[in-house]
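Numbering (this note's numbering), first residue to last: 16 to 187.
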């Protein structure tokens, strides 16, 4: 579950501490991450930061505007996963909490209607995987801070040494 960041990207990783404990078939993984992010802020009439309009995930700081947005947002993340392995079956319970020093704003465009808002956010989920002969089944049921649920389930079937067939279903 815990892997070092080896990519070239500057955004899709956590920086902090992680621990993994195993006892028999029980695996507990937890992490704590703190990092500074580049963010475009909104200000009041006295130039006091009020919230975050957007987060720059490119990693670039080429222009004056990009340099001015560098390290404006502090993000804390804590997460835990408790998993159990039974022969060919794995099941896990997951939780994650995000905390920001400034509130994330909604935005006015249609693609921003469902984005994370406020100073904190939480997600929780239950996942499973099961392998039987040439088929691997997997899925996850998740819920967020607003109570919105999502389900992902799928199967990968190895029909031949050179042919794998996969199907994935996602429901909100």
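We put the CB at the ideal spot given by N, CA and C, even for glycine.
It should be emphasised that the depicted structure is a prediction, and the values quoted were computed from it without experimental measurement.
Sub-8 Å separation of residue i and residue j beta-carbons
i, j, result
"residue 157", "residue 138", "yes"
"residue 184", "residue 168", "yes"
"residue 55", "residue 69", "yes"
"residue 155", "residue 115", "no"
"residue 41", "residue 99", "yes"
"residue 74", "residue 26", "yes"
"residue 62", "residue 86", "no"
"residue 170", "residue 151", "yes"
"residue 131", "residue 111", "no"
"residue 109", "residue 72", "no"
Cα-Cα separation between residue i and residue j, rounded to whole angstroms
i, j, result
"residue 107", "residue 144", "9 Å"
"residue 118", "residue 39", "42 Å"
"residue 43", "residue 94", "11 Å"
"residue 142", "residue 153", "8 Å"
"residue 78", "residue 84", "10 Å"
"residue 174", "residue 149", "7 Å"
"residue 97", "residue 22", "27 Å"
"residue 178", "residue 120", "46 Å"
"residue 163", "residue 129", "10 Å"
"residue 160", "residue 126", "19 Å"
"residue 82", "residue 66", "18 Å"
"residue 165", "residue 104", "22 Å"
"residue 16", "residue 24", "19 Å"
"residue 187", "residue 133", "22 Å"
"residue 59", "residue 122", "16 Å"
One or two residues paired with residue i in a DSSP bridge
i, result
"residue 168", "154, 184"
"residue 94", "46, 111"
"residue 99", "41, 106"
"residue 124", "Answer is none; residue 124 lacks a bridge partner."
"residue 119", "67, 133"
"residue 61", "According to DSSP, which records beta bridges pairwise, residue 61 is partnered with nothing at all."
"residue 138", "111, 159"
Cβ distance (whole Å) where residue i is taken to contact residue j below 8 Å
i, j, result
"residue 30", "residue 48", "6 Å"
"residue 46", "residue 32", "7 Å"
Please go through the segment 22 to 53 and give each complete beta strand (DSSP E) segment of 3 or more residues, from N-terminal end onward. 31 to 38
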